[in-house]
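There are 2 protein chains.
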Amino acid sequence: MPEIRLKKTEIRAENESRILKSAERIFARHGFRGSSMRMIADDASIPKANIHYYFSSKEKLYRRVVERIFTVWLEAAASFETSNDPHAALHSYISEKMEISRLYPDGSKVWANEVIHGAPIIHDFLTSALEDWTNSRIVAMRRWIEEGKIRDVEPRWILYMIWATTQHYADFAHQIETLNDDKALSINQWQQARDTVFDIIWAGLEPKD
Amino acid sequence: MPEIRLKKTEIRAENESRILKSAERIFARHGFRGSSMRMIADDASIPKANIHYYFSSKEKLYRRVVERIFTVWLEAAASFETSNDPHAALHSYISEKMEISRLYPDGSKVWANEVIHGAPIIHDFLTSALEDWTNSRIVAMRRWIEEGKIRDVEPRWILYMIWATTQHYADFAHQIETLNDDKALSINQWQQARDTVFDIIWAGLEPKD
DNA sequence: GTCTATAGATTGATAGAC
DNA sequence: GTCTATCAATCTATAGAC
């Protein structure tokens with residue numbers, strides 16, 4: 152009965168996707184413990200028991216959500232080229248990170264929430280992919296410094312500054328909107344913010360003549 | 152019986168202080184919903200029922216914790232002088248914010264956690280004190296721009312950059328330590344990070360000649 | 001002011017009919 | 001694959017003895 156099995160696979164894919172999307176939104180808004188399976192089920196318009204049918208436990212569902220977020224992060228990470236043009240590499244990376252904050256703020260919030268609480272569930276992500284990536288970029292930035300392409304600044308503080316500033320626009324969106332007359336940032340404001348973030352950081356790295 | 156009343160007052164002050172300190176640590180580590188009154192009671196070595204005796208409900212205890220954090224924030228806010236020396240004002244403010252991240256990371260985490268989740272409990276802080284303070288500093292920075300003392304950059308993106316970067320060292324401390332061979336930053340590293348944050352931001356604001 | 005016992009509500013998870 | 005009913009654990013909060 153190949154037809155029936157195909158259909159079941161499609162139903163599974165469709166439902167899993169709907170649940171993951173709702174879970175990301177609910178976890179972002181209420182945190183892991185503050186989110187109940189019932190809230191996620193209601194948001195996805197799927198009976199609560201079915202969430203357990205597709206994802207055996209709340210923790211496994213949460214981990215799947217974080218894995219999705221990490222995939223998005225990896226795509227942005229790739230845009231930080233270790234070529235020999237720091238201006239282009241940093242501009243591309245910062246722009247990409249700001250776009251992620253604008254388009255997927257929930258993912259950023261779940262990640263922030265997890266790290267704030269000591270990364271009890273995703274610690275392995277930090278000590279593997281993130282650590283490798285960070286060290287490779289630090290090496291690249293050190294080379295730029297030796298070649299006189301950027302100023303002599305400890306690379307890791309620059310990376311933290313980029314992460315902090317770009318992710319702030321997602322994680323603290325509520326505060327930013329409150330200070331913006333309770334309105335979300337307009338496209339123009341997003342562009343201006345993105346350009347300012349890059350301009351300030353680049354002004355601090357650009358070699359003085 | 153003035154003696155007995157005095158002693159009771161002292162006991163109350165002592166116990167309330169112990170509970171608030173434990174609550175801040177537990178809330179920072181596990182979030183509001185992830186923290187139970189039992190965890191806070193155990194951390195403070197005080198019977199669970201007594202927490203309810205001193206603070207009528209979990210939410211009121213949480214609010215008292217956030218009020219304490221806001222007091223610390225206000226002290227740092229005062230160090231951002233609206234005088235006519237932007238270099239001194241920003242250096243003082245950034246240094247103060249970095250010190251807060253170093254000395255009171257738990258408070259910063261509770262605040263971040265709250266804003267990430269849409270500030271359900273502290274929304275009034277955002278729309279009163281924080282909004283007033285922010286607007287006053289934006290006015291001051293606009294004046295600096297008109298007087299040619301800093302470059303023409305939208306002040307609010309600068310403020311967000313300062314908040315994001317300084318608070319990142321508290322909120323994402325776990326990630327930073329993981330990338331630092333699982334060790335907390337040394338005093339030297341804190342100083343270097345603080346100086347770098349200021350230098351980069353000032354390089355982007357300092358008028359070009 | 002301290003502390004045990006417990007009420008009342010909510011939660012993650014599962015059993016079992018359809 | 002869907003969904004109702006329900007269990008067992010946990011939580012906030014309080015009553016009441018000391």
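Those protein sequence lines, which keep their order, are chains A and B.
Per this note's numbering, the very first residue in the first sequence carries number 152; after that it's consecutive.
Per this note's numbering, the very first residue in the second sequence carries number 152; after that it's consecutive.
For every residue, glycine included, the Cβ atom is placed at its ideal position computed from N, Cα and C.
Treat the numbers as computed from the prediction; the structure is a model and nothing was measured.
When C-alpha distances from B:Q318 are compared across B:L330, B:K159, B:A200, B:R345, the shortest belongs to B:R345. The contact set of A:T347 on chain B, defined by CB atoms closer than 7 Å, consists of V304, E305, W308 in chain order. The beta carbon of B:W314 sits closer than 8 Å to some beta carbon of chain A.
For B:R215, the enclosing alpha helix (DSSP H) stretches over residues 209–229. Beta-carbon to beta-carbon, A:S252 and A:A321 are separated by about 4 Å, close enough to satisfy the 8 Å threshold.
For the pair B:S230 and B:P256, the Cα-to-Cα distance works out to about 19 Å.
Close to chain A, meaning a Cβ-Cβ distance shorter than 9 Å, is no residue of the segment 212–223 of chain B at all. The shortest CA-to-CA distance from A:S186 to any of A:K359, A:E226, A:Y205, A:N264 is the one to A:N264. Interface with chain A (8 Å Cβ-Cβ cutoff): B:H268 is included. For the options A:F323, A:R293, A:S246, A:P358, the alpha carbon positioned closest to that of A:V348 is the one of A:S246. Closer than 8 Å to the CB of B:G182 there is at least one CB belonging to chain A.
Between the alpha carbons of A:E210 and A:I272 lies a distance of about 8 Å.
In the structure shown, B:E305 adopts coil according to DSSP, grouped into three states. DSSP places B:N339 in the uninterrupted alpha helix (DSSP H) bounded by 338–356. Here B:N264 carries a helix assignment [DSSP, helix/strand/coil].
In the structure shown, the three-state DSSP call for B:T233 is coil. Distance check between B:E357 and each of A:I351, A:P358, A:D360 places A:I351 closest, using alpha-carbon atoms only.
Counting only residues of its own chain and dropping the five nearest sequence neighbours on each side, B:L212 has a CB closer than 6 Å to the CB of A174, F206. Only those residues of the segment 278–300 of chain B whose C-beta falls short of 7 Å from the nearest C-beta of chain A are listed: T278, E282, T285. Residue nearest to B:S287 within the set B:R307, B:G269, B:D303, B:A270 is B:R307 (criterion: CA-CA distance). Annotated as distal: A:R169 and A:A192, with beta-carbon spacing of 8 Å or more. Counted as a single uninterrupted DSSP element, the alpha helix (DSSP H) harbouring A:N286 occupies residues 282–297. Counting along the chain, no alpha helix (DSSP H) covers B:Y255, and no H or E run does either. Linking A:W284 to A:L241 through their CA atoms gives a straight-line distance of about 15 Å.
Leaving aside the five residues that flank B:A179 on each side, the residues in its chain whose CB is nearer than 7 Å to its CB run, in chain order, D257, K260, V261. Within the same chain, Cβ atoms closer than 8 Å to the Cβ of A:R214 are found at I272, I273, the five residues on either side in sequence being excluded. Counting C-beta atoms within 10 angstroms of its own C-beta, A:T160 has fewer than 16 neighbours from the protein chains shown and is therefore classed as exposed. Take A:V217, set aside five residues on each side of it, and the residues of its chain with a beta-carbon closer than 8 Å to its own are V261, W262, E265, I272, I273, F276, in chain order. Taking 8 Å as the cut-off between beta carbons, the residues of the segment 252–263 of chain A near chain B are K260, A263, in sequence order.
Contact annotation for B:F231 against chain A: no contact, minimum CB-CB distance about 15 Å [criterion: below 9 Å]. Taking the Cα of B:V223 as reference, the smallest distance to any Cα among B:A291, B:Y244, B:V290, B:I197 is reached at B:Y244. CA-CA distance, A:Q342 to A:A324, rounds to 15 Å. Look at A:G182 here: in three-state DSSP terms it is helix.
Judged by DSSP in its simplified three-state form, A:F276 adopts helix.
Residues of chain A whose Cβ lies closer than 8 Å to the Cβ of B:D193 do not exist; the shortest such Cβ separation is about 17 Å.
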